[in-house]
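Have a look at the structure below before the remarks.
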Amino acid sequence: MREALKALQAWTQAGKPAALATVVRTWGSAPRRPGAKMAVSQAGEMAGSVSAGCVEAAVVEEALRTLQSGARKLLQFDVQDETAWEVGLTCGGRLEVFVEPVGSADPVFQTLGEAIDRAEPALRAVVIRGPEDLLGQSALVWPDGEVLGALDPALGAELRAHLQGRAAPGSAETWIHTHRDGEVELLLDPVLPPATLVIVGAVHIAMALTRLAKVLGFRVVVIDPRRRFATSERFPEADALLIQWPDEGLRAVGLCSSSAVAVLSHDPKLDDPALLAALRSPAGYVGALGSPRNHAQRRRRLLEAGLKEAELDRLHAPIGLDLGGDSPEEIALSILAEVVRTTRARSAR
Numbered sequence: 005m006r007e008a009l010k011a012l013q014a015w016t017q018a019g020k021p022a023a024l025a026t027v028v029r030t031w032g033s034a035p036r037r038p039g040a041k042m043a044v045s046q047a048g049e050m051a052g053s054v055s056a057g058c059v060e061a062a063v064v065e066e067a068l069r070t071l072q073s074g075a076r077k078l079l080q081f082d083v084q085d086e087t088a089w090e091v092g093l094t095c096g097g098r099l100e101v102f103v104e105p106v107g108s109a110d111p112v113f114q115t116l117g118e119a120i121d122r123a124e125p126a127l128r129a130v131v132i133r134g135p136e137d138l139l140g141q142s143a144l145v146w147p148d149g150e151v152l153g154a155l156d157p158a159l160g161a162e163l164r165a166h167l168q169g170r171a172a173p174g175s176a177e178t179w180i181h182t183h184r185d186g187e188v189e190l191l192l193d194p195v196l197p198p199a200t201l202v203i204v205g206a207v208h209i210a211m212a213l214t215r216l217a218k219v220l221g222f223r224v225v226v227i228d229p230r231r232r233f234a235t236s237e238r239f240p241e242a243d244a245l246l247i248q249w250p251d252e253g254l255r256a257v258g259l260c261s262s263s264a265v266a267v268l269s270h271d272p273k274l275d276d277p278a279l280l281a282a283l284r285s286p287a288g289y290v291g292a293l294g295s296p297r298n299h300a301q302r303r304r305r306l307l308e309a310g311l312k313e314a315e316l317d318r319l320h321a322p323i324g325l326d327l328g329g330d331s332p333e334e335i336a337l338s339i340l341a342e343v344v345r346t347t348r349a350r351s352a353r
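Residue numbers (the numbering used here): 5 to 353.
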């Protein structure tokens, strides 16, 4: 999602007309979730994806037509439709994709790009069904309820009332509302800061883990009090290097439910303070390197230090899924696989 929005921002700032395609709704075995995006420039450049590749070509063609006509479109691909078979959606899925042109002067997308640069959360609401004069109208809704954009004023007030007192959606969802004696449907599309992976211990595995985590879109913070280990030469991809004791560094980061903590130093002087801080925080994932024997000893130390059994039960140790690998890269892959599985399972509940 962020890849598509960043490309859209770069193209429009360079004066290139572009279109944005967003998955609105899926059924069955559709490969991408609502909110998945693909940006298409007038030159045919692409960023992001709305499927596993099966409908991309058809969406690009529609995006280019949208840039010529200026019209917004809600596309439907269904395995029962001839069009769907032609584009290759043979997996039994169905999806709807909203395609809209984006200009360089669009204040909503300009502000959205700035929010992405600052890693701030925002919610974009766009009319995907309704009267012709409302179709494509959009606005940004900030966490404090402020609405910025070109939504019909009455509809904007109704949207604000709908969101008041509710938790902001964690993924894209639609809202059908009666307006002007008819129905309008809006896509409520959150743009959230990237999840943060905090690595404690600037060891060799951490170097591989940083590289792989950046590919998956994580913001990566490495914490280690040892200056010779935590260097920009060893961790050029890291977003931040904190030369601090782990518990101090974790407090400085400010862990939340979208944070994952991987404790890799394999040294109790560093691991134990990190785990005491991480397991008492709202971090969504906490894992630690070490053998089952080492973990048993670690459990005793942490319980003696005052950690509760329920807090300790949150710990993934030995860290990572058992993929059978032993190289730093394979261990890093197993850690990320467990982080993704854990966070996905939590979001599905």
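By construction, the Cβ of each residue, glycine as well, lies at the ideal position given by its N, Cα and C atoms. These numbers were taken from a predicted model, which means no experiment stands behind them.
Cβ-based burial, residue i [other Cβ within 10 Å; buried from 16]
| i | result |
| --- | --- |
| T26 | buried |
| D85 | Confidence is the limiting factor: at D85 the pLDDT is only 49, short of 50, which leaves the residue's position unreliable, though a coordinate-based value still follows. Its Cβ having fewer than 16 others within 10 Å, D85 is exposed. |
| S175 | exposed |
| I180 | exposed |
| E100 | buried |
| A210 | buried |
| E60 | buried |
| A88 | Note that A88 scores a pLDDT of 46, beneath 50, so its modelled location is shaky; the value from the coordinates is reported in the next line. The residue is buried, with at least 16 neighbouring Cβ atoms inside 10 Å. |
| D77 | Going by the sequence as given, residue 77 is Lys instead of Asp. Classification for K77: buried. |
| K312 | exposed |
| T30 | buried |
| A331 | Note that residue 331 is Ser in the sequence shown, not Ala. When all chains shown are included, S331 counts as exposed. |
| S45 | buried |
Cβ pair residue i, residue j closer than 9 Å
| i | j | result |
| --- | --- | --- |
| P250 | A287 | no |
| P125 | P194 | yes |
| R69 | V54 | no |
| L293 | A264 | no |
| A206 | V225 | no |
| L163 | L144 | no |
| G107 | T16 | yes |
| V103 | L24 | yes |
| R305 | D271 | no |
| L196 | D228 | no |
| D156 | L138 | yes |
Nearest to residue i (by Cα), restricted to the options the options
| i | options | result |
| --- | --- | --- |
| K10 | A51, Q46 and P38 | A51 |
| L127 | E65, A158, L213 and G39 | G39 |
| S338 | A300, A266, R302 and K312 | A266 |
| T200 | K77, T178 and A244 | A244 |
| D82 | R98, R184 and D185 | R98 |
| Q80 | V63, R284, E308 and P105 | V63 |
| L316 | E7, P240, V290 and E66 | V290 |
| L12 | R76, D110, R170 and I247 | D110 |
| R223 | T235, A256, S262 and R231 | S262 |
| A309 | A67, R284 and P296 | R284 |
| P147 | G169, G160, L159 and V131 | G169 |
| A22 | R29, R6 and E49 | E49 |
| R318 | L280, L246 and A341 | L280 |
| P105 | C260, A217 and S142 | S142 |
| E342 | G329, G324 and A349 | G324 |
| P173 | A314, D121, A129 and A18 | A129 |
Three-way DSSP call (helix, strand, coil) for residue i in this model
| i | result |
| --- | --- |
| W15 | helix |
| S142 | strand |
| T214 | helix |
| T115 | helix |
| E100 | strand |
| R230 | coil |
| S73 | helix |
| E187 | strand |
| R37 | coil |
| A22 | strand |
| L196 | coil |
| T347 | helix |
| T87 | Because T87 carries a pLDDT of 49, less than 50, the predicted location of this residue cannot be relied on, and the following value inherits that uncertainty. Residue state, collapsed to three classes: helix. |
| G160 | helix |
| E150 | coil |
| L9 | helix |
| D82 | strand |
| L155 | coil |
| E124 | coil |
| L68 | helix |
| E177 | strand |
Residue i CB to nearest heavy atom of the ligand PLP below 8 Å
| i | result |
| --- | --- |
| R318 | Although the ligand PLP was asked about, the structure shown includes no ligands whatsoever. |
Tell me the start and end of each unbroken alpha helix (DSSP H) in the stretch 306-343 that is at least 4 residues and wholly inside, in chain order.
313-316
Which whole runs of the beta strand (DSSP E) in the stretch 244-311 are 3 residues long or more, in chain order?
244-246, 263-267 and 289-292
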